[in-house]
Structures are given as C-alpha cells and as structure tokens.
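Notes follow the structure.
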Amino acid sequence: MKILTTILTLCFTVSAFTQNYKFGKVSKEELQESVCSIDSTADAAYLFKYRKTYFDYNPNKGFEVKTEIHNRIKIYTQEGFDYATKDIRLYKSPSGVKEDASSIKGYTYNLENGKITETKLTKSGIFKSDENKYINQVKFTMPNLKPGSVIEYKYVIVSPFTYNVDEFVFQHSIPIKKLEASFEAPEYYNFKVNTKGYLRVVPEIEKRYGTITFTDKYRSVAPSGGQTSYSNSEVDYTKQLSKYHLENVPALKDEPYVNSINNYRSSVKYELSYTKFPNSNLETFSTTWEDVVKRIYDNPNFGGELNKTSYFKDDIDALISTVSDPATRTMLIFNHVKKQVKWNGYYGFYAENTRKAYKDQVGSSGDINLMLTAMLRYAGLNANPVLVSTRTHGVPLFPTREGFNYVVTWVKLPDGKVALLDATNKYTVPNILPFRALNWQGRIVAENGGSGLIDLYPKTKSNNAISVMAKIDEEGTLEGSYRSVKTNHRALSFRERYNDADKDDFLEKLENQYNGLEISDYQVKNDYDLSKPIMESYKFVKESQADIIGDKMYFSPLFYLKTNENPFKLEKREFPVDFGYPSETSYRFIITIPEGYKIESIPEPAAMALPDNLGSFKYNVVGKGNSIQVAVSTQINQAIIIPLYYESLKEYFNKFIQKEAEQIVLTKI
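Each residue of the sequence shown is one higher than the last, beginning at 1 in the working numbering.
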C-alpha cells in the first residue's frame with residue numbers, strides 16, 4: 001500500500017510540474033520565474049513556439065496555404081517589452097490577390113497577490129495598414145505589460161500563394177524553451193528542403209492521406225420545368241508531413257560586421273521545385289540555377305523589359321550622338337538614369353513598368369537598373385542585369401528565385417574592363433555599389449538566359465586619410481585644424497549622410513560623436529563632384545585632452561580620434577566577419593606642446609600584420625623639440641574574413657587599441 005501511495009504521489013508531483021502548452025493554460029511557475037533557466041542574460045524567452053503550415057483545398061479557389069501560429073513568451077525585463085509587439089506581414093499581388101490574417105487572439109498574464117490575472121488583447125489594439133503595393137501589415141502590442149509578464153497569442157494566415165511558403169525559423173535573438181513545427185503538402189507539390197544554421201534540425205517524416213470532394217451541379221430540361229440535382233465525386237491523394245521538435249534553443253544575437261545575421265540563423269526553407277496535377281503537365285519552378293534564371297528571364301517584367309527602347313530612344317540618341325568612346329557613353333547613360341529617375345525605395349529584380357517609371361521619374365530598383373541595362377545595350381554596349389540579394393535579405397545558398405530581391409547592371413567595355421552599376425543611388429560610381437548590395441556574389445543573366453556568378457565585393461580599397469595640426473596648452477585643451485580625404489565607399493557613405501542632411505543637425509551630431517568637440521569653419525569639397533574624393537576640413541577646440549599630475553602631462557597621441565573599444569567580444573565566432581569592402585585609415589598628426597614643457601617619453605614604434613596579408617597596423621611617434629609627429633595606419637585588405645582567422649583578428653584589434661592608448665609624457669622644464 002505504501003509503495004502504491006508513493007507511486008501515486010510521484011506521478012502527481014511529476015504531472016503537477018509538467019508544462020501545459022494548451023492556449024490559456026499559463027502556470028504560476030512560468031509567472032514566478034525571474035531569470036531564464038537556459039540564458040540568465042535573456043530579456044525575454046519563448047516558452048512555447050508553435051507553427052503548423054498545411055495545404056487546404058477550397059472548392060472555390062483550389063489549394064491554399066494555411067499557417068497556424070501560437071506563441072507564449074516570458075518577459076523578464078523592461079527591455080523585453082519589444083517582444084510583446086507583433087508585426088504580421090501579408091503579401092499581395094498587383095491583381096488584388098492577397099493573404100489574410102484572422103482569428104487573432106491574445107492575453108497578457110500577470111501574478112498579482114498570488115493569483116493569475118489576464119488582460120485580453122482587444123480588437124481596438126489590432127491595427128491593419130497598407131505598407132506598400134506589395135505588403136499589408138497587421139500589428140498588435142500586448143496590453144498591461146510588466147517585467148515578469150507572460151504573453152500568449154495565436155492567429156491564422158491564409159495564403160493563395162501556394163508557390164511561396166514562409167521560412168520556418170528555429171532560432172531568434174531570444175532563447176526558445178520548446179518549439180513544435182510542422183509542414184504538410186499534397187503530392188501535387190514537390191518541395192526542395194533547404195536548411196541553414198548551426199543547429200542540427202532533422203524532421204520526422206510521415207505519409208498521410210487526404211480526400212477532395214467535388215460537387216457537380218446539373219440542371220435538367222423538361223416541358224414542365226427543369227430540376228436541379230447534385231452529385232459528389234472524390235479524389236484521394238497522399239500528403240507528406242514533416243514535424244520538428246526542438247528544446248532549449250540558444251539565442252542567436254547579432255554581432256558587429258555581419259552582412260545579415262539571418263544567414264546564420266537556424267531555419268528551413270521549403271522551395272517549390274515543381275507541380276504535377278492530374279491530367280496536367282509538370283511545371284518546374286526552381287530545380288537548378290538554370291531553371292531559376294530561365295524562369296526569371298522569360299518573365300515579361302524582366303527579359304521583356306530589356307527589349308523595350310521606344311520610350312527612351314530619342315533621348316539616348318541625342319545624348320550620345322556625338323560620342324563614340326564606349327566608356328564615355330556608359331557614363332553619360334549612367335548619369336542620365338540617375339538624374340532622370342528617382343528610386344522609390346522598393347526592392348525587386350522585376351520591373352513594374354519602365355516606360356511609366358521613366359515618364360514619372362520615379363521607379364523601383366527593377367525599373368531603374370533594367371532600364372539602365374536596356375539603354376546601354378541600345379547604345380551598343382555589352383550589358384547584362386545581375387541578380388542580387390541585399391545584405392539584410394541573406395545569401396541565396398540554393399537555387400531559388402526568392403533568394404534574390406534586387407538587381408544591378410554589369411557592363412563590359414571593349415578594353416576588357418568590367419563595371420558594376422547601380423543607378424538607384426545618385427552618389428554611386430562604377431564599381432562602387434550601395435552598401436546594401438555588397439553581399440557575396442550576384443548572378444549575372446545573359447541575353448539568352450544563361451547565367452554565371454560575379455563577385456559583388458570591390459577589390460579597390462576605400463581610404464580615409466586624416467591630417468591634424470594642433471597644439472595643446474598647459475591646461476590640456478587641444479586646439480587645431482582637421483582635414484580628411486575620403487575615397488570610394490568612404491566617400492559614398494559620407495555623401496549619403498551629408499548631402500541630404502540639415503547642415504546644422506549634421507554638425508551637432510559630429511560634435512556629439514566626439515563628446516563636446518567644438519567645431520568652426522566647417523567645409524566640404526567635392527560633395528557633388530563624384531569624380532573626386534571628398535575633402536572635409538574644420539577647426540576645433542577640445543578640452544580635457546590630457547591628464548595633468550604634478551609637473552607632468554599625459555595624453556594619447558591620437559586624442560579623441562583613437563579607437564577605444566574592440567568590436568569583437570565573442571570567444572568564438574562561427575560566421576564570417578564582413579567589412580563590406582577593403583579599407584585603409586591613416587592619421588598624420590603634428591602636435592605642438594605647451595611652452596615650459598619638454599618631451600619625457602613617447603610610445604615605441606610598432607607594426608603588426610594579420611595572417612595571409614588580411615590586414616596590417618603601423619604606428620610611429622617621433623618627438624623633437626616642442627613638436628611631435630604621429631603616423632598611424634590601419635588596413636583591412638579583404639572584405640570578408642572567414643571564422644578561421646577570428647582569434648587573430650580579435651587579438652589584432654586588442655593590440656592596436658592598446659597601442660593607440662599608450663601615452664606621451666611631458667614634463668615641466
């Protein structure tokens with residue numbers, strides 16, 4: 001009897017602490033938890049993350065994709081409140097076909113005086129909006145949030161776009177205690193499964209059966225009047241179900257110099273490969289890169305747009321009629337498009353309507369760069385579009401149309417020189433693409449629909465050469481003049497920030513960046529002359545730039561311009577460091593010391609290099625009389641540094657930061 005009692009007691013204890021993930025069944029234990037059990041630094045965590053995506057047959061519309069979502073999230077800190085806001089993006093086509101979100105239900109749970117209270121998400125807290133012509137948005141924020149709250153919500157998305165199944169994401173910026181997901185597709189749809197990330201994710205596969213019932217309507221004809229009758233017929237088919245179960249998934253936190261953290265997030269993408277319906281031919285979508293590119297090229301909004309010339313013919317004829325040099329023709333057409341058509345902020349590699357974009361002087365990335373390609377071809381140049389995935393969109397590791405969301409233009413001149421052009425940005429020049437487009441490799445699409453890979457990263461360094469002439473007084477105040485010369489991507493970045501900004505705001509931000517730097521006589525040269533580097537200059541005053549202890553003065557030779565913090569803090573990094581482009585920053589300082597002081601000591605010269613010529617650091621300080629000369633150079637020679645070199649890179653930054661922090665010592669005469 002005692003044994004039976006013990007067993008029953010044990011069973012009761014286990015069941016009492018077994019988590020119930022049914023919607024609405026939040027426990028006191030979940031509400032009482034003050035720190036995440038699998039990550040003590042987490043501001044929030046998924047207690048339960050559930051997704052079920054399946055194909056459902058609608059008698060009036062055919063197959064639709066349904067996705068059921070149920071999330072339960074624990075909020076540990078006020079910073080975790082961000083995870084209580086949900087944005088649901090719903091796609092729509094220009095023809096009016098769209099996705100729909102319904103059955104939205106949510107509660108916020110709190111523990112008050114030992115009792116669980118719940119606050120309902122009301123209809124007035126759910127907001128619907130049209131983001132743009134392709135996206136609708138449903139947004140809600142859970143009510144009555146407090147540190148310690150548990151929020152729970154669920155909803156259903158119905159999509160007519162059976163060829164596009166949203167990615168299954170198994171890792172987020174907060175940890176996940178328990179995850180369940182499933183995907184079910186009928187035999188008529190064949191999907192290729194693409195996985196990424198460092199977690200081991202293996203589905204359980206099941207075969208199931210389904211039935212579609214068709215109802216046919218008949219109307220008989222008779223002298224006394226017709227009669228309507230109905231008959232049903234059924235079609236049996238098979239379905240494949242893939243189920244995923246994960247527990248204690250660690251957070252994937254963004255790090256400096258990552259092109260897109262999504263590239264390394266654990267996920268599964270179901271990419272439609274082909275469809276085969278009864279009594280129909282097989283239709284392929286994305287099996288190989290050749291299939292992908294051919295399908296894109298054959299679309300009238302891509303390949304068809306490259307053949308249209310009538311809307312720009314007269315303008316281009318007038319522009320290049322007296323010019324035969326291919327390079328000059330290229331630049332004239334490139335600058336014409338940049339001036340004529342403004343980018344509307346829409347990404348995409350298909351054109352919406354190049355003729356309309358040219359007339360209205362505004363268009364998408366597809367409109368602008370396909371138009372540019374067509375104009376260059378019309379002018380007799382060897383030009384092709386290049387499919388690109390922007391940095392935030394990720395890297396297309398597998399043959400997929402959805403892996404691309406942008407397009408630029410490639411042109412090859414008779415002398416063999418090749419240039420990449422992007423006319424969406426008025427400050428770009430050949431081979432200096434906007435930073436958003438610097439993402440591994442693009443796929444060039446030839447006139448016949450063939451394709452090949454092309455590196456998007458530049459080979460030429462972007463430089464920032466800084467010269468400072470200054471004097472420091474006996475109270476540690478630094479006064480002098482600053483001048484910098486910026487080239488390539490450094491110049492592009494500056495023009496983007498400066499040219500369209502309010503100049504007073506720009507200067508205020510610059511002064512705040514250096515904690516109270518006082519700037520006067522600020523000038524910028526070549527801000528709109530893209531053929532020349534940016535030249536920036538100003539006079540400055542900066543207090544408290546030296547420590548004065550007794551009869552000695554201590555200061556860093558780079559003052560407020562030295563690097564203070566190593567951006568690389570992880571002990572181990574499994575994904576590449578992506579700088580975007582190779583670069584060099586050089587400093588030349590001439591410092592006049594105060595009267596009555598002499599140089600007691602200066603830092604020793606130093607030089608170091610990263611393995612395989614990936615980068616280098618040179619440092620030299622020379623003092624003579626009342627003058628000190630400083631020369632510092634840092635170079636990163638590759639846009640991408642693979643994880644193999646991460647420890648070396650981290651140590652490289654540590655050493656040059658320590659070196660720049662070394663101080664010059666002056667003593668009173």
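Think of the CB as a built atom: it goes at the ideal place given N, C-alpha and C, for glycine as much as any other residue.
Measure how close the beta-carbons of residue i and residue j come, nearest whole angstrom, since I'm counting them as under 8 angstroms.
i      : j      : result
Tyr76  : Pro147 : 6 angstroms
Lys276 : Tyr188 : 6 angstroms
Ser484 : Glu518 : Not quite, the Cβ-Cβ distance comes to about 18 angstroms (not below 8 angstroms), so this is no contact.
Phe349 : Val407 : 4 angstroms
Val388 : Leu456 : 7 angstroms
Lys338 : Lys426 : 5 angstroms
Using the Cβ count rule (16 or more neighbours within 10 Å means buried), how would you classify residue i?
i      : result
Asp529 : exposed
Tyr198 : exposed
Lys308 : buried
Asn654 : exposed
Ile669 : exposed
Ser182 : buried
Ile642 : exposed
Ser233 : exposed
His393 : buried
Gln171 : buried
Leu570 : exposed
Asp317 : exposed
Gly623 : buried
Arg51  : buried
Ser321 : exposed
Leu610 : buried
Asn248 : exposed
Glu112 : exposed
Asp367 : buried
Quick one: is residue i near chain B, going by C-beta distance under 7 angstroms?
i      : result
Arg401 : Absent from the structure: chain B. Only one protein chain is present.
With DSSP run on the structure shown, which of helix, strand or coil describes residue i?
i      : result
Trp289 : helix
Leu530 : coil
Glu305 : helix
Phe579 : coil
Leu671 : This structure cannot settle anything about residue 671, because the visible part of the chain is limited to 1 through 669.
Gly148 : coil
Met331 : helix
Glu402 : coil
Gly450 : coil
Ser266 : coil
Glu574 : coil
Ile590 : strand
Asp236 : strand
Tyr619 : strand
Leu397 : coil
Pro643 : helix
Leu282 : coil
Lys61  : coil
Asn20  : coil
Arg355 : helix
Residues bridged to residue i by DSSP?
i      : result
Met375 : None; Met375 has no bridge partner.
Lys192 : Glu271
Pro611 : Answer is none; Pro611 lacks a bridge partner.
Lys74  : Ala45, Val150
Thr409 : Pro385, Leu421
His245 : Glu180
Phe140 : Lys86, Ile126
Tyr554 : Asp547, Val665
Gln523 : Ser537
Glu68  : Lys52, Val156
Gly442 : Ile454
Ala185 : Gln240
Who are the Cβ neighbours of residue i in its own chain at under 7 angstroms, not counting the five residues just before and after it?
i      : result
Pro203 : Ser242, Lys243, Tyr244
Tyr522 : Leu507, Tyr538
Ala437 : Val388, Thr390, Tyr406, Val408, Asp422, Leu456
Ala185 : Phe55, Phe191, Lys239, Gln240
Asp87  : Gln137, Lys139
Val665 : Lys552, Tyr554, Glu600, Ser601
Spatial neighbours of residue i within its chain, please: CB distance less than 6 angstroms, with the 5 preceding and 5 following residues excluded, ordered by chain position.
i      : result
Lys61  : none
Ser633 : Ser586, Lys618
Tyr547 : Sequence check: residue 547 is Asp here, not Tyr. The answer, listed in chain order, is Tyr554.
Go through its chain and collect everything with a Cβ distance to residue i's Cβ below 8 angstroms, but skip five positions before and after it.
i      : result
Gly596 : Glu474, Lys668, Ile669
Thr460 : Asn431, Asn488, Pro582
Gln545 : Ile472, Gly476, Thr477, Leu478, Phe555, Phe559, Tyr560
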